[in-house]
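Residue numbers (our numbering): 24 to 161. Take a look at the structure set out below.
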Amino acid sequence: MKKTTSDAILNEELKTFNWSEVDNYPSFASCNDDDSKAEKKSCFQNTLTAIITNRIQRDTIVVSQNIDDTIYIKFQISEKGKLSLIEAEVDSITRHEIPNIDELLRNSLDSLPEIYPAIKRGQQVKTAFTLPVIIQVN
């Protein structure tokens, strides 16, 4: 069994870039290669938000009060383009009304199109980012 030291964990964390530190943002095939860096970021975020929102809206969610909340989802994209949900910051009312919100979010990521990982100095790198998603149920 290999023991993981706090240094090794720190080094692993340091290999995860924030979006502002990469040369090319992660992207989907549907995003245009000729777009500017800002347009690519916007395309990626909008595409991901639309996929998550559409998937959640397909589920029947019954609530006792209207929900209009912005949740913040923290993601990591591996250097191979695999997206994983790290955590979701969800308002307590939303969590109470939609107790399976984490499961809904995870399920919404099951059928994502291929993601091209971020690029830093010509290398594919792991990135982390937070995506705000508006949840409205009434």
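Note that beta-carbon positions come from the ideal geometry of N, C-alpha and C, so glycine has one too. None of the values given here were measured: they were computed from a predicted structure.
C-alpha gap between residue i and residue j, whole angstroms
i, j, result
"Lys26", "Phe40", "Any reading at Lys26 must be qualified, since the residue scores a pLDDT of 49, below 50, and its modelled position is unreliable; the value itself is stated next. Roughly 24 Å between the two C-alpha positions."
"Glu120", "Gln80", "15 Å"
"Ile157", "Gln147", "30 Å"
"Lys97", "Gly145", "25 Å"
"Gln68", "Asn161", "25 Å"
"Ile138", "Gly104", "5 Å"
"Val45", "Pro136", "22 Å"
"Val86", "Ser43", "38 Å"
Integer-rounded CB distance, given that residue j should sit under 8 Å from residue i
i, j, result
"Ala141", "Ile109", "No, Ala141 and Ile109 are not in contact; Cβ-Cβ is about 16 Å, not under 8 Å."
Beta-carbon proximity list for residue i, same chain, < 6 Å, skipping 5 on both sides
i, result
"Thr93", "Pro155, Ile157"
CA nearest to the CA of residue i, picked from the options
i, options, result
"Ser131", "Ile74, Ser59, Asn47", "Ile74"
"Gln159", "Ser134, Ile116, Ser65", "Ile116"
"Asp162", "Lys143, Cys66, Leu106", "The chain is shown only over 24 to 161; residue 162 falls outside these bounds and no answer can be derived."
"Glu62", "Tyr48, Glu44, Val85", "Tyr48"
"Glu126", "Glu137, Ile84, Cys66, Pro136", "Ile84"
Cut-off 7 Å between Cβ atoms - residues of its own chain near residue i, not counting five sequence neighbours on either side
i, result
"Arg129", "Leu108"
"Asp58", "Cys66"
Sequence-distant residues of its chain with Cβ nearer than 8 Å to residue i (five each side left out)
i, result
"Asn114", "This sequence places Asp at residue 114; Asn is not what is there. Contacts found: Asp92, Ile94."
Validate contact between the stretch 107-120 and the stretch 48-63 using beta carbons, cut 8 Å, 3 pairs: no
Cβ contact (3+ pairs, closer than 8 Å) linking the stretch 72-79 and the stretch 138-151: no
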